[in-house]
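Chains as they are written, first to last, in our numbering: chain A, 1 to 451; chain B, 1001 to 1304. In this text, a Cβ means the ideal position worked out from N, Cα and C, and glycines have one as well. Since the structure is predicted, the reported quantities are computational estimates derived from the model, not experimental observations. Encoded as structure tokens, the structure appears first; notes follow it.
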Amino acid sequence: MIFEGLADRLQETFKKLRGHGKLSEEDVNEAMREVRMALLEADVNFKVVKGFIKKVQERAIGQNILDTLTPAQVVIKIVNEELTELMGGTQSRINMSPTPPTVIMMVGLQGAGKTTSAGKLGFSLKKQGKHPLLVAADIYRPAAVKQLQVLGEQLEIPVFAMEAGTDAVTIAKSSIDFARSHVNDVVIIDTAGRLHINEELMQELKSIKKEVRPHEILLVVDAMTGQDAVNVAESFNGDLGLDGVVLTKLDGDARGGAALSVKAVTGCSIKFVGMGEKLEALEPFYPERMASRILGMGDVLSLIEKAQTAFDVEEAKKMEKKLRRDEFTLDDFLSQMQQVRKLGSFEQIMGMIPGMGGLKKQLAGADIDLNGKEMKHIEAIIYAMTPKERADVGIINGSRRKRIAMGSGTHVQDVNKLIKQFAEMKKMMKKMKKMQKGHMGLGGFKLPFMH
Amino acid sequence: MGFFDKLKKGLTRTRESFTGKIEQLVMGYADIDADLLDELEETLIMADVGVKTTERLMDAVRRGVKKKEINTPEDLKPFLEARITEILATGSDELHTASEGPTVMLVIGVNGAGKTTTIGKLSAYYKEQGKSVMLAAADTFRAAAIDQLEIWSQRTGAVLIKHEEGSDPAAVAYDAVKAAKARGIDMLIIDTAGRLQTKSNLMEELSKINRVIQREIAEAPHETLLVLDATTGQNAIRQVELFTKAAPITGVVLTKLDGTAKGGVVVGIKSELSMPVKWIGIGEAVEDLRPFDAADFAKALFDK
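Right, here's the structure in full:
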């Protein structure tokens, strides 16, 4: 990875800062440098970053550090909350006109994904029982009309096109009449991609807007867009007045800071996100997920919150004691696992832990299958053991292994694997125990980043 | 208008927001202080030079101040100009061609970067130079991609090799290389479907196309061009890193450089990726795609 997640970096920053108290100005300033870098690397616009940092700074200085959270986690929590708020709520709805047809205009730069998004939006609306009409108003790019026609055919949505040479305004205008006479209640106009500084083409959009009076103008923005996203959004918003944003290509590995920039300068909510070229519906936008993605830190916060509720404090204390005395048994292992499972699937958890994204990929290909099925097998194997065996793995010889495999409906290899894993885990826990010297706020099963 | 003037015009916005901003800073400050350096850093980042490159340039500036190479704000502009020109001039941006037989260009990139349009313009460029050109429609995935390339082949008088939509792109590439050899074509330009670098199956498909070409002509593709949309931010780095694993990139084509304030991205690509920039697109017209010339670019960026 070229960038570590913000959480990891903050952890590093706050290494020296131990214990409790309040966040000092100095601590916060240091942390803000990292936050700033993380945001800039995610392509959030510089000006937006500046304003944001100021706000977080004010809130963070003097903040009490709770018992259960480290200073880094406190800062992350504030950053994440502010970021989520700035990103706006979930509003994946189209302004529907009381008198059909509802007219939607898709606008944006070349290659942002307007045509694909138009198709997907049509599909979403169709699934909601609407009768959309797609309008091919991109008269410039070769075969753009054909592209929309092919999409329409695949989605079984009618496409309105006119013969070559017709101007975009006429096409848009005629499509409304067509929709009325063909009982299409939503009209989605796919316009040509254009640079926001191209006055002539921006004028064309203004003319279309004037003629068809759209209920919704959606700006389609590529999630990979850099610093210029602000200028693009500002121009389109200034010229047309946007109602919403569609963020595309989020299935890639772009951090998507453009989302924040666009939201900050236009105030428009991001209504939908595009995840790939396959023609499925557009997906709704989740501000919290986007915030975490921009920070490159997985869904740490929900993990922190989940961890706080899922772990039974008493249980944790008991476990800690056992660990210290090296009495950790397979029974304990099982109960730990069951606790962890309350957090969600293992894979989900890995996704939520910063820096674990890569590990998750590795693990997926390695011998540990991290989905719930594997967990079920482990459970079955442990249940098939006698209490004595669970307390002391050492006594499990070949014939016991065979019996356990039979009893749990698994294979001897599975039993071997589990025993090996358990031994490894014990070793790891010993190491961790040494590292953190008994400071265990969240329970025996410490997640790697929570020291 | 000559290409240099066109380049200058295309970079107007960049110049205004970048070079212009630096000049303003120079005027506005009597001394080099922390505020000035902060604003300079901001200017570099806003021009999409990239976070790492900005840090590098700022380090150089700070060292320059320490070593008394920069004494007044006026010294900043020539200092940066020299550093940036130096970055731009690293590596060779020359285009590779075949010593005999067809020169094969494989054009790759993410969705919407402008691959097909770039190919249309490349076709026009080589045609104008009197070369015979063949286009291969190996984007068999996107709706109407083949039609789009076909229109370009008609416009520029290039031969088109195509299969059905949905067919194997490697087979298209194979047929095209065979045909180009048999017909004595000078330039074979292969279009591929847009793909995000994170889709491993699609990257595997790309490396298969590459292998098929290599099997037919050992030193081909002579150029594997990654088409990058200049509006792309930091993700460009990931694109170069991952694409080159599937099909070793020989250079970058930067599209949509015109008009807006993002010319700095070239500096970032050069410095962070050490990747040659082979072509730049500074306008929508066919002749607006040209081979990249570092010296011209630097001059256009800093010229008044």
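Residues within the stretch 1085-1117 of chain B neighbouring chain A, beta-carbon criterion of under 9 Å:
V1110, N1111, G1112, A1113, G1114, T1116, T1117
In three-state DSSP terms, what is L282/A?
Looking up residue 282/A in the first sequence gives position 282. It is coil, neither helix nor strand.
Report the option in L1040/B, K1006/B, D1175/B whose CA atom is closest to the CA atom of A1060/B.
Mapped onto the second sequence, residue 1060/B falls at position 60. The residue with the shortest Cα to Cα distance from A1060/B is L1040/B.
Going by the beta-carbon positions, is the gap between T266/A and A233/A smaller than 8 Å?
The sequence position of residue 266/A within the first sequence is 266, counting from 1. The sequence position of residue 233/A within the first sequence is 233, counting from 1. Cβ distance < 8 Å, so T266/A and A233/A count as in contact.
What is the rounded straight-line gap between the Cα of V56/A and the Cα of A42/A?
As a working note, residue 56/A is residue 56 in the first sequence. As a working note, residue 42/A is residue 42 in the first sequence. Each residue's alpha carbon lies about 18 Å from the other.
By the criterion of Cβ-Cβ separation under 7 Å, what are the contact partners of V150/A in chain B?
Numbered from 1 along the first sequence, position 150 holds the residue referred to as residue 150/A. Those are A1143, A1144, listed as they occur along chain B.
The stretch 133-143 of chain A / the stretch 160-173 of chain A touching (three or more Cβ pairs under 8 Å):
yes
Rounded straight-line distance, which links the Cα of F123/A to that of L1206/B
Residue numbering aside, residue 1206/B sits at position 206 when the second sequence is read from its first letter. Residue numbering aside, residue 123/A sits at position 123 when the first sequence is read from its first letter. The alpha-carbon atoms of L1206/B and F123/A are separated by roughly 30 Å.
Answer with buried or exposed for T166/A, where buried requires no fewer than 16 other C-beta atoms within 10 angstroms of its C-beta.
If you number the first sequence from 1, residue 166/A lands on position 166. Under this definition T166/A is an exposed residue.
CB-CB under 8 Å to D1191/B, same chain, minus the five flanking residues each way: which ones, in chain order?
In the second sequence, the residue the question calls residue 1191/B occupies position 191. Excluding positions up to five away in sequence, the list reads V1107, K1115, T1116, I1119, L1135, A1136, A1137, A1138, D1139, A1145, L1149.
Could you tell me which whole alpha helix (DSSP H) segments of length 4 or greater appear in the stretch 97-135 of chain A?
114-127
To which residues does DSSP link N231/A through a beta bridge?
On the first sequence, residue 231/A is found 231 positions in, with the first residue counted as 1. DSSP output for N231/A lists no bridge partner at all.
Can you find a CB in chain B that lies within less than 8 Å of the CB of E495/A?
Within the shown structure, residues of chain A are numbered from 1 to 451, placing residue 495/A beyond reach of any answer.
Determine, using beta carbons only, whether L1254/B and V1277/B come nearer to each other than 8 Å.
Position 254 of the second sequence, counted from the start, is the residue given in the question as residue 1254/B. Position 277 of the second sequence, counted from the start, is the residue given in the question as residue 1277/B. For L1254/B and V1277/B, yes; Cβs fall inside 8 Å.
List, in chain order, every chain B residue whose beta-carbon is nearer than 9 Å to that of G113/A.
Locating residue 113/A in the first sequence gives position 113, where the first residue counts as 1. In chain order: N1111, G1112.
Does the beta carbon of G252/A come closer than 8 Å to any beta carbon on chain B?
As a first step, residue 252/A is located in the first sequence; it is residue number 252 there, counting from the start. Answer yes: the Cβ-Cβ gap between G252/A and chain B drops below 8 Å somewhere.
Is it the case that the Cβ atoms of L201/A and V246/A are separated by a distance below 8 Å?
Here residue 201/A corresponds to residue number 201 of the first sequence, with the count starting at 1. Here residue 246/A corresponds to residue number 246 of the first sequence, with the count starting at 1. No, they are not a contact pair.
Using 8 Å as the threshold, is the stretch 1235-1252 of chain B in touch with the stretch 1264-1273 of chain B, meaning 3 or more CB pairs across them?
yes
Residue environment, V183/A, which counts as buried when at least 16 other CB atoms sit within 10 Å
Taking the first sequence and counting its residues from 1, one reaches residue 183/A at position 183. By the 10 Å Cβ count, V183/A comes out exposed.
Taking buried to mean at least 16 other C-beta atoms within 10 Å of its own C-beta, is S408/A buried or exposed?
Here residue 408/A is taken as the residue at index 408 of the first sequence, counted from 1. S408/A is buried by the Cβ-count criterion.
Which of the three DSSP states is assigned to P1291/B in this structure?
For the purposes of this step, residue 1291/B is taken as residue 291 along the second sequence, with counting starting at 1. In the structure shown, P1291/B sits in a strand (DSSP, three-state: E or B).
For Q1214/B, would you say it is in contact with chain E, using Cβ-to-Cβ distances shorter than 8 Å as the test?
The structure shown contains no chain E; its protein chains are A and B.
Would T1156/B count as contacting chain A if we go by Cβ distances under 8 Å?
Along the second sequence, one-based indexing puts residue 1156/B at 156. Output row for T1156/B: interface = no.
Contact list for the stretch 159-172 of chain A against chain B, Cβ threshold 7 Å:
none
Strictly below 9 Å CB to CB, what residues from chain A border E1042/B?
In the second sequence, counting from the first residue as 1, residue 1042/B sits at position 42. Residues of chain A passing the Cβ test: F46, K47, K50.
Using a Cβ-Cβ cut-off of 8 Å, state whether G358/A counts as contacting chain B.
Numbered from its first residue, the first sequence carries residue 358/A at position 358. Only weak support is given to the placement of G358/A: the predicted model assigns it a pLDDT of 45, under 50, and the question is left unresolved by the model.
Tell me whether M352/A is buried or exposed, calling it buried when 16 or more other Cβ atoms sit within 10 Å of its Cβ.
By 1-based counting over the first sequence, the position of residue 352/A is 352. Bear in mind that the predicted position of M352/A carries a pLDDT of just 49, short of 50, making it unreliable; the figure below should be weighed with that in mind. By the neighbour-count rule (16 or more Cβ atoms within 10 Å), M352/A is buried.
Taking the alpha-carbon positions, what's the R1211/B to R1183/B distance?
Mapped onto the second sequence, residue 1211/B falls at position 211. Mapped onto the second sequence, residue 1183/B falls at position 183. Taking the straight line joining both Cα atoms gives about 22 Å.
Does DSSP classify G51/A as helix, strand or coil?
Translated into the one-based positions of the first sequence, residue 51/A becomes position 51. Residue state, collapsed to three classes: helix.
Between F422/A and chain B, is the shortest Cβ-Cβ distance under 8 Å, so that the two count as touching?
In the first sequence, the residue the question calls residue 422/A occupies position 422. Answer no: the Cβ-Cβ gap between F422/A and chain B never drops below 8 Å.
Flag D222/A as yes if its beta-carbon sits less than 8 Å from any beta-carbon of chain B, otherwise no.
Translated into positions along the first sequence, residue 222/A becomes position 222. Answer yes: the Cβ-Cβ gap between D222/A and chain B drops below 8 Å somewhere.
Go ahead and pull the three-state DSSP assignment for V1049/B.
By one-based count along the second sequence, residue 1049/B stands at place 49. In this structure, V1049/B counts as coil in the three-state DSSP scheme.
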